[in-house]
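What follows is a short report on a single structure.
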Amino acid sequence: MQLLTNHKKNLRNTYIIIPVHNRREITLTCIEQLQKNGDLDQYSIVVVDDGSTDGTAEAIQSLFPTVQILYGDGNLWWTGAIRKGMEYAYQQGAEYFIWLNDDCLPGQHTLNLLVEFSANHPNTITASACYLAGANIPFDTGCIGRKACTALPESIKSVDSLSGYCVCLPRIVCDVVEYPNAESLPHYGGDDAYILQATRAGLKAVILGDAKVTLRDIATPAKNFTQYIKRIQGKSLTLQLVFFTKKSKYYLSGRFFHLKLKYGIVKGCLIFTAKLLAWIFQYYLFLIKRFMNSYFKTNLTSF
Numbered sequence: 003m004q005l006l007t008n009h010k011k012n013l014r015n016t017y018i019i020i021p022v023h024n025r026r027e028i029t030l031t032c033i034e035q036l037q038k039n040g041d042l043d044q045y046s047i048v049v050v051d052d053g054s055t056d057g058t059a060e061a062i063q064s065l066f067p068t069v070q071i072l073y074g075d076g077n078l079w080w081t082g083a084i085r086k087g088m089e090y091a092y093q094q095g096a097e098y099f100i101w102l103n104d105d106c107l108p109g110q111h112t113l114n115l116l117v118e119f120s121a122n123h124p125n126t127i128t129a130s131a132c133y134l135a136g137a138n139i140p141f142d143t144g145c146i147g148r149k150a151c152t153a154l155p156e157s158i159k160s161v162d163s164l165s166g167y168c169v170c171l172p173r174i175v176c177d178v179v180e181y182p183n184a185e186s187l188p189h190y191g192g193d194d195a196y197i198l199q200a201t202r203a204g205l206k207a208v209i210l211g212d213a214k215v216t217l218r219d220i221a222t223p224a225k226n227f228t229q230y231i232k233r234i235q236g237k238s239l240t241l242q243l244v245f246f247t248k249k250s251k252y253y254l255s256g257r258f259f260h261l262k263l264k265y266g267i268v269k270g271c272l273i274f275t276a277k278l279l280a281w282i283f284q285y286y287l288f289l290i291k292r293f294m295n296s297y298f299k300t301n302l303t304s305f
């Protein structure tokens, strides 16, 4: 890490931005991991607490007093929290921003590798390879066109867009495409759309296979609509919850904006319409199957 040794005095100009909401123990574990790695002493850490009521901010202040906390009112969501953190860091003179979700545990040298690569390759956004806990193969977090991809150890994968689990962005990104669009994409998709805007504006984006992070709070990401609604079926599975809630992966306003951005207005509208019809069909099919299973189970039990 010769580059980092020579530039260690500048590492405070790299700001790690962690958006959080009511996940106190998960958030503390993430910061503890940064402390264990030595990252807490090297980098500037900014936690954006979007209206937590579980004592997250108070615990951070007590245990990690060097961490800067910014506050939201519960309406920032992921993209708004990231934007708030980036705006603050930019005003402080940040050279690099690192997006870090609080359920991600970076490896010992992961953040150093990301910053080193970005420093050696100007105008490049650099992301880590993401692993589920206990897995030996990373899951897909990047896209080339419509094809999802990742990077294996000792490899580097150029991509068009990225998920925002653990991503290092140079300051110039804000100068070129400003900040993530929190109004159109409040939660899901804000990361991918922002990186796509950056690469279309001439910047590069890569996944660095040797920069590893582990996700600790999910078994496996939902890959399609049916898997997603199965995850949330314990709640009241209404159209409002699935399609009109900002936190939903299938928030229609955000999905429309993302497809329009990616494919253009005409093609984007056509794809959105086709997807919407498919989602509605799958939604009602799932409800019918769930009702039938419950009905037969109840009647068989009564005999």
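Under the working numbering, think of the first position of the sequence shown as 3, with each following residue one higher. Ideal placement from N, C-alpha and C gives every residue a C-beta, glycine not left out.
Just confirm the distance between the C-beta atoms of residue i and residue j, as a whole number of angstroms; I'd bet it's less than 8 Å.
| i | j | result |
| --- | --- | --- |
| ASP162 | CYS145 | 6 Å |
| ILE100 | CYS151 | Actually they are not in contact, since the Cβ atoms of ILE100 and CYS151 sit about 21 Å apart, beyond 8 Å. |
| ALA200 | ALA207 | 7 Å |
| TYR133 | THR216 | 5 Å |
| SER296 | LEU210 | With a Cβ gap of about 47 Å, SER296 and LEU210 do not count as contacting. |
| GLN284 | PHE227 | 5 Å |
| SER54 | ASN15 | No, SER54 and ASN15 are not in contact; Cβ-Cβ is about 28 Å, not under 8 Å. |
| GLY270 | LYS277 | Not a contact, Cβ separation roughly 10 Å. |
| ARG257 | PHE274 | 7 Å |
| ASP105 | ARG218 | 5 Å |
| ILE62 | ILE84 | No, ILE62 and ILE84 are not in contact; Cβ-Cβ is about 18 Å, not under 8 Å. |
| TRP79 | LYS299 | Actually they do not touch by this definition, with Cβ atoms about 37 Å apart. |
Any idea what DSSP makes of residue i, helix, strand or coil?
| i | result |
| --- | --- |
| THR126 | strand |
| LEU113 | helix |
| VAL161 | coil |
| ILE47 | strand |
| LEU310 | Outside the modelled stretch of the chain, which goes from 3 to 305, sits residue 310, for which no answer is possible. |
| ASP193 | helix |
| ALA280 | helix |
| LEU217 | strand |
| LEU198 | helix |
| PHE389 | The question about residue 389 has no answer, for the chain in this structure spans 3 to 305. |
| ALA387 | In the structure displayed, the chain extends from 3 to 305; residue 387 sits before or after that span and is not available. |
| LEU134 | strand |
| LEU239 | coil |
| LEU107 | strand |
| VAL22 | strand |
| ASN12 | helix |
Out of the options, point me to the one whose CA is closest to residue i's CA.
| i | options | result |
| --- | --- | --- |
| GLN172 | LEU254, GLN229, LEU263 and GLY95 | Just to set this straight, residue 172 is Pro in the shown sequence, not Gln. Nearest option by C-alpha distance: GLY95. |
| ILE197 | ASP212, THR143, ALA91 and VAL268 | THR143 |
| TYR181 | PRO223, THR112, ASN138 and LYS86 | LYS86 |
| ASP193 | THR68, LEU164, VAL215 and TYR230 | LEU164 |
| LYS149 | LEU116, ASN103, LYS251 and SER160 | SER160 |
| TYR230 | ARG218, TYR253 and ALA83 | TYR253 |
| ILE174 | ILE127, CYS132 and GLY211 | ILE127 |
| ALA203 | ALA195, LEU210 and LYS291 | ALA195 |
| ASP43 | HIS23, ASN114 and ILE139 | ASN114 |
| GLU27 | GLY57, GLY53 and ARG257 | GLY57 |
| SER64 | GLY76, ALA83, LEU30 and ASN77 | LEU30 |
| GLN37 | GLU89, LEU107 and GLY147 | LEU107 |
| LEU289 | LYS251, LYS299, PHE259 and LEU241 | LEU241 |
| ALA12 | GLN35, TYR90, TYR98 and GLU89 | Note on identity: in this sequence residue 12 is Asn, with Ala being the wrong assignment. Nearest option by C-alpha distance: TYR98. |
| ASN39 | MET88, VAL117 and HIS111 | HIS111 |
For residue i, write down the residues that DSSP places opposite it in a beta bridge.
| i | result |
| --- | --- |
| TYR253 | Answer is none; TYR253 lacks a bridge partner. |
| ASP52 | GLY74 |
| TYR17 | SER46 and PHE99 |
| ILE146 | LYS149 |
| PHE119 | Per DSSP, none; premise fails for PHE119. |
| VAL169 | TRP101 and ALA129 |
| PRO155 | DSSP, once it has assigned bridges, lists no residue as partnering PRO155. |
I want to know whether the segment 111-123 touches the segment 180-189 - three or more CB-CB distances under 8 Å.
no
Using 8 Å as the Cβ pair cut-off and three pairs as the minimum, do the segment 15-28 and the segment 38-56 touch?
yes
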